[in-house]
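UniProt numbering numbers the first residue of the sequence shown as 1 and each following residue consecutively.
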Amino acid sequence: MPHPVFNRETLLDISVNIVPLFILAFFIAVLLLTSPWPSSLFVTAIALGLHLVPLILLAVLTYVAAYYI
């Protein structure tokens with residue numbers, strides 16, 4: 001039977017990446033609910049891109065790290 005990727009020790013090791021994932025997700029939710037800028041599609045797209053790209057990259061990095069730990 002293959003070893004599960006997310007066991008207790010692995011979750012403890014990657015918790016340093018899980019906390020920033022939740023922080024980025026929180027800021028994306030706040031940005032979508034209340035935007036401090038005027039309703040410009042360009043500004044909103046740039047702001048979301050600057051939050052979504054690191055979120056996605058960090059999620060992939062966290063999964064790969066969990067897989068190889």
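Glycine included, every Cβ here is placed at the ideal spot set by N, Cα and C.
Model, not experiment: these values are computed from the prediction.
- Within a 10 Å sphere around the beta-carbon of residue 14 sit 16 or more other beta-carbons, which makes this residue buried.
- Taking 8 Å as the cut-off, the beta carbon of residue 17 is found closer than this to the beta carbon of residue 62.
- In the DSSP assignment, residue 23 falls within the unbroken alpha helix (DSSP H) covering 8-33.
- In this model, residue 49 and residue 4 are separated by some 32 Å (Cα to Cα).
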